[in-house]
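Take a look at the structure below.
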Amino acid sequence: MTPLPRDPTGTASGSPLFLGMHDEAIREVLAASAARSLDLGETLFLQGDPVEALYLVESGRLKLSQVTSEGEEIVLRTARYGTILAGVALLGNRILPVTAIAVEPSRVLIWSRARAQELAERHPQLRANVLATIADRMQESLTRIRELSTESAGRRVARTLIRLVQDHGRESPGGVLIDQRLGRQDLADLAGTSMFTASRLLAMWAREGWLEVGRQRVVVRSVPALERLAAGDD
């Protein structure tokens, strides 16, 4: 890995990591980074490893997943451009709760834990931005627990598709393409249901004309229909 000085007008500066920071401070933080390119399927870090660095996704996408004690992989979310990973690096010795694997060629900026902590001391806004990300992740986890406890599988799958449209949607002929490889098992994991249930719902909604479903590909033809389902109007 080699240091990468960057101009704050570059794409990396658009991340929430740099929210509210001046150009000079952004330059300093970026100049202290190293970069790593990941091929499809390459692992950035493993669940259970000690946190050794702070990461920022500069391009591409990574799958964040956990493996249960029974050996089952559960996909939690996808990290894309601008996503901060392992923010707990600022909090001292911690263990990584997830595995991060590239689902397409990706590029990640890296700061060693010691360097990240030093930069956070020099730039309190940087620390605040990382802590805000940690708080957001906690809120997402609590929301997901509530949904698993109180909502039907249909509502959860619909809500998951809406989130994917918001995060990864791209206008395409006939609707909004979820611009990432999305298998039925991936969707089931994200929604907290079985692959059978997710497949059944996708097929039913495709017959209604709300979705177009292909191999690891989903086009949402009617976002309002999914919003009604997510609201429980089914």
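330 is the number that this note's numbering gives to position 207 of the sequence shown; each next residue is one higher, with no gaps. Just so you know, even glycine gets a beta-carbon here, dropped at the ideal spot from N, CA and C.
key: Close-in-space but distant-in-sequence residues of the same chain around E196 (CB under 7 Å, 5 per side omitted)   = S188, V190
Open item on the list: Using a Cβ-Cβ cutoff of less than 7 Å, which residues in the same chain neighbour A353 once the five nearest sequence positions on both sides are dropped?
Closed with: R278, A281, R282, I285
- Helix, strand or coil: which one does DSSP assign to T201? strand
| request: Pick out whichever of P347, V152, R340, R351 has its Cα sitting closest to the Cα of R238. | output: V152
Original post:
Just how far apart, CA to CA, sit G315 and E274?
Top reply: 11 Å
>> Whether or not the region 319-339 and the region 243-263 are in contact is what I'm after, with contact meaning three or more pairs of Cβ atoms, one per stretch, closer than 8 Å; do they touch?
In response: no
For this session: Measure the Cβ-Cβ separation of V342 and L310 and say whether it is below 8 Å.
Result: no
Exercise for the section: Rank D290, T256, A243 by C-alpha distance to the C-alpha of A155 and give the top, closest one. Expected result: A243
Please say whether V231 and L179 have beta carbons closer to each other than 8 Å?
yes
Check: For G332, which residues from the same chain have a beta carbon less than 8 Å from its beta carbon, with the 5 sequence-adjacent residues on both sides left out?
Finding: R344, S345
_Can you give me the C-alpha to C-alpha distance between S229 and L163, rounded to a whole angstrom?_
8 Å
### Task
Measure the alpha-carbon distance for Y204 versus H291 and round it to whole angstroms.
11 Å
Checklist entry - Can you tell me the Cα-Cα spacing of L142 and S295, whole angstroms? => result 31 Å
For N252, count the other beta carbons within 10 Å of its own beta carbon; 16 or more makes it buried, fewer makes it exposed. Which is it?
buried
Three-state secondary structure (DSSP) of A223
strand
*asked:* Please give me, in chain order, every unbroken run of the alpha helix (DSSP H) with length at least 4 that falls completely inside the region 248-292.
replied: 276-291
Which residue's Cα is closest to the Cα of R340: D302, E181, W234? D302
- prompt: Is it true that the CB of R236 sits closer than 8 Å to the CB of E175?
  reply: yes
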